[in-house]
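Participant: Just passing along the structure, written as structure tokens.
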Amino acid sequence: MEDTRADPAAPARPKPFLRRWFLWVTLGESAGFLAPAVVAVFVIIPDTAGALAWLAVAGVAEGTVLGLAQAHVLKRELPGLRMRSWTVRTAAGAALAWLIGLAPSTFAAQWQAWPPVLQLAVAVPGALLLLCSIGLAQWPELRRHVARSGRWVAGNALAWCVGLGLFFAVAPPLWQEGQPPTTVIAIGVAAAILMAAGMALVTGLVMDRLLAARGNT
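Shown next, in the form of structure tokens:
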């Protein structure tokens, strides 16, 4: 998965890259997360196959906004980046992440009937694929432009561990049964902004190192 190519003639990167990445990606993920948040509150019945389908579609919307935000910043650093490819791949990765993340609750009856060993054998690779889904989807495009691009997949997994950890540390304790939908959404959005910021910071640091290696090799 590693690509050892490098471009010795690559131009020096603008210094404020990390700041731009952090701001745009935080904004993009925060705005994109509104789609699944609204769907979850107003459109679907939780833990059903219909919910899974609706949230996968919402994941496409979320990933599209995130991909556009990332591509907007990367295009200045990597002029050859295909923005449509990056955006479509990000949308597909986000949809896959929602499908994997919601599958255990959607199919809980079947899941709980499995032997514990089989549950573990499916849960571990499933969790890894969920965390790596967006990075894996983006990797074929990124490897065209930077060396050691496989690190982007691992960096994304770490970034989403941080982001999701922040989200679940904030939102579930504040959500209470019987709250108005607007309150539920407000809590979710606030937690999503923290999630987006954590993810943006870690992915920004990873991408910054990849781009620095490209310019210095």
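Residue numbers (my numbering): 42 to 258. Just so it is clear, CB atoms sit at the ideal spot from N, CA and C, and this is done for glycine as well.
#1: Please check the pair residue 110 and residue 66, which I expect to be a contact at CB under 8 Å, by giving their CB distance rounded to whole angstroms.
#2: Below 8 Å on the Cβ atoms is my contact criterion, and I expect residue 196 with residue 247 to pass it. Report the Cβ-Cβ distance as a whole number of Å.
#3: Does the segment 132 to 141 touch the segment 112 to 122, meaning 3 or more C-beta pairs lie closer than 8 Å?
#4: Less than 7 Å between C-beta atoms, sequence neighbours within five positions excluded: which residues of the same chain meet that for residue 216?
#5: So which of 218, 234, 192 has the shortest CA-CA distance to residue 210?
#6: Among 161, 175, 204, which residue has its Cα nearest to the Cα of residue 130?
#7: Does the beta-carbon of residue 192 have 16 or more other beta-carbons within 10 angstroms, so that it is buried, or is it exposed?
#8: Return the residue from the list 172, 122, 101 that minimises the CA-CA distance to residue 204.
Facilitator: Here's the rundown:
#1: 5 Å
#2: 3 Å
#3: Verdict: no, contact absent.
#4: 225, 228
#5: 234
#6: 175
#7: buried
#8: Checking every option, the nearest Cα to that of residue 204 belongs to 172.
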